Amino acid sequence: MKILLACAGGMSTGMLVQKMKSYAEKNQLIAEIAAYGLSDLEEYVAGCDLILLGPQVSYQEDEVRQKFPQIPVAIIDMFDYSMMNGAKVMEEAVTTITMK
Numbered sequence: 073m074k075i076l077l078a079c080a081g082g083m084s085t086g087m088l089v090q091k092m093k094s095y096a097e098k099n100q101l102i103a104e105i106a107a108y109g110l111s112d113l114e115e116y117v118a119g120c121d122l123i124l125l126g127p128q129v130s131y132q133e134d135e136v137r138q139k140f141p142q143i144p145v146a147i148i149d150m151f152d153y154s155m156m157n158g159a160k161v162m163e164e165a166v167t168t169i170t171m172k
């Protein structure tokens, strides 16, 4: 599965990506997870199974959904984001992908 996290500049989600990758490894999930700035998504979206928006860019959810209608879009819970709860974010990502 390929998951892209989008935030304002791509930097603030870096630590969360690492925690998500760690969870995926521990649970034997094959996942490509990366973080990019919202303006860079189009460059990396090919083959993507899910776009996760950081809380700071949640106001752009509708625009992202319109731009990439074939890809599910979800907003990372603000508490999980602030606590860098990679396990919870990854669990919710897997659930969202399997429901599509």
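To get the working numbering, take the position in the sequence shown, counting from 1, and add 72. Backbone N, C-alpha and C fix where the C-beta goes; we use that ideal spot for every residue, glycine too. Nothing here was measured: the structure is a model prediction, and the numbers come from that model.
Alpha carbon of residue i to alpha carbon of residue j, nearest angstrom
i: T85; j: L124; result: 10 Å
i: N99; j: A165; result: 14 Å
i: E133; j: E97; result: 29 Å
i: T167; j: S111; result: 26 Å
i: E115; j: A107; result: 12 Å
i: C192; j: A103; result: A question about residue 192 goes unanswered here, because the residues of the chain that appear run from 73 up to 172.
i: E135; j: S94; result: 30 Å
Residue i and residue j closer than 8 Å at C-beta
i: M73; j: V161; result: no
i: L113; j: L88; result: no
i: G109; j: A80; result: yes
Cβ distance (whole Å) where residue i is taken to contact residue j below 8 Å
i: K172; j: P141; result: The pair is not a contact, with the Cβ atoms about 12 Å apart (cut-off 8 Å).
i: G126; j: I148; result: 6 Å
Residue i, buried or exposed, once every other Cβ within 10 Å from all chains shown has been counted against 16
i: G158; result: buried
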